[in-house]
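Chains as they are written, first to last, in the numbering used here: chain D, 165 to 317; chain A, 404 to 542. Below is one structure; the comments refer to it alone.
Below is the structure:
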């Protein structure tokens with residue numbers, strides 16, 4: 165039995181807000197393992213499956229070969245329920261200038277809503293939870309200067 | 404020639420200036436206080452021997468920092484800060500959950516750092532030109 169593998173991961177979509185397309189895992193799994201795929205993924209899978217079948221029919225395999233097994237990237241989701249925070253990341257990319265107002269502070273962002281900002285992330289998290297946000301996304305806004313190159317620590 | 408393949412390609416995420424950095428957005432949870440967690444970014448820093456988070460993040464998940472063991476951390480300038488080490492859960496939407504002892508700083512640090520102790524749990528590659536990192540969630 166010969167396997168046809170697709171080295172490229174699936175495009176998850178651009179998220180619409182300046183993110184490069186996030187690729188799904190490149191690891192290969194048997195077709196059918198596309199749990200949680202969206203409609204676009206299914207359409208890509210369908211097209212690739214048909215392409216592969218077409219290649220098989222058109223002589224990709226030598227006569228007498230065993231049937232090809234078409235392998236697709238298998239989406240693997242490790243932390244069920246943990247968001248990518250892609251909406252927040254996109255917002256940060258789009259509003260970097262506005263965020264400079266909060267330089268030196270911590271910020272809690274939920275989707276595109278700025279929930280709280282201040283000096284103590286623990287207090288901000290507490291405030292966000294009080295407002296119904298069970299797991300707040302907290303980040304520090306570093307001061308920016310074109311004259312300074314940042315290092316890890 | 405060694406050939407390495409990775410399970411995941413992840414884009415760099417936006418930093419404070421709109422530039423993008425090799426970071427992971429993680430759910431940081433206190434195993435001793437179930438349900439208390441925050442999502443935060445952490446820079447992947449191969450120059451850091453151990454992971455270090457801002458102490459405020461630790462307090463945000465209910466950790467009493469002073470109950471941890473003390474660890475000194477030295478920067479490239481030779482200056483030192485003190486961290487208190489605690490075991491936490493780090494969860495990523497794709498990569499799964501990691502149990503790791505990390506230091507929580509006793510002074511403000513502006514960047515949470517995932518160091519070589521985290522790298523020891525995964526395989527990772529960087530493609531700076533493409534602003535992408537590559538990860539397999541096993542050593």
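Cβ atoms here follow ideal geometry from the backbone N, Cα and C, with glycine treated the same way.
Original post:
By Cβ distance, which residues of its chain are closer than 7 Å to residue 388/A, with the 5 residues on each side in sequence left out?
Top reply: This structure does not reach residue 388/A, given that chain A is present from 404 up to 542, and the question cannot be answered.
Subject >> Rounded C-alpha distance that separates residue 209/D from residue 446/A >> reply: Low confidence applies to residue 209/D: its pLDDT is 49, below 50, so where it sits in the model is not reliable, and the reading given next is rough at best. Straight-line Cα distance between these residues: approximately 34 Å.
**OP:** Taking only beta-carbon positions, decide if residue 213/D is within less than 9 Å of chain A.
**Re:** The predicted model places residue 213/D with a pLDDT of 48, which falls under 50 and marks its position as unreliable; any figure quoted below should be read in that light. Chain A contact via Cβ: absent.
Original post:
In its own chain, which residues sit with a C-beta less than 7 Å from the C-beta of residue 448/A, not counting the 5 before and 5 after it?
Top reply: Contacts found: 516, 517, 518.
**OP:** Report the rounded CA-to-CA distance for residue 309/D versus residue 480/A, giving the unit in angstroms.
**Re:** Roughly 20 Å between the two C-alpha positions.
Subject >> Residue burial classification, residue 523/A (beta-carbon count within 10 angstroms, cutoff 16) >> reply: exposed
Subject >> Backbone secondary structure at residue 457/A - three-state DSSP >> reply: DSSP, read as helix, strand or coil, puts residue 457/A in coil.
**OP:** Would you tell me roughly how many angstroms separate the C-alpha atoms of residue 466/A and residue 525/A, rounded to the nearest one?
**Re:** 26 Å
Original post:
When the cut-off is 9 Å and only beta carbons count, does residue 194/D lie next to chain A?
Top reply: At residue 194/D the pLDDT is 29, less than 50, meaning the model places this residue with poor confidence; the figure from the coordinates comes in the next sentence. Using a CB distance cut-off of 9 Å, residue 194/D does not count as an interface residue toward chain A.
Subject >> Buried versus exposed call for residue 457/A [16 or more other C-beta atoms within 10 Å across all chains shown] >> reply: buried
Subject >> Collapsed DSSP secondary structure at residue 447/A in the structure displayed >> reply: The answer is strand: DSSP assigns residue 447/A an E or B state.
Subject >> residue 405/A vs residue 534/A beta-carbon contact at 9 Å >> reply: no
Subject >> Three-state class that DSSP yields for residue 489/A in the structure shown >> reply: strand
**OP:** List the whole-angstrom C-beta distance separating residue 512/A from residue 455/A, where the pair is believed to meet the contact cut-off of C-beta under 8 Å.
**Re:** 7 Å
Subject >> Neighbourhood of residue 426/A by C-beta distance below 8 Å, restricted to the same chain and skipping five residues each side >> reply: So the list reads 415, 416, 418, 444, 445, 446, 447, once near-sequence residues are dropped.
Original post:
Are the C-beta atoms of residue 298/D and some chain A residue less than 9 Å apart?
Top reply: yes
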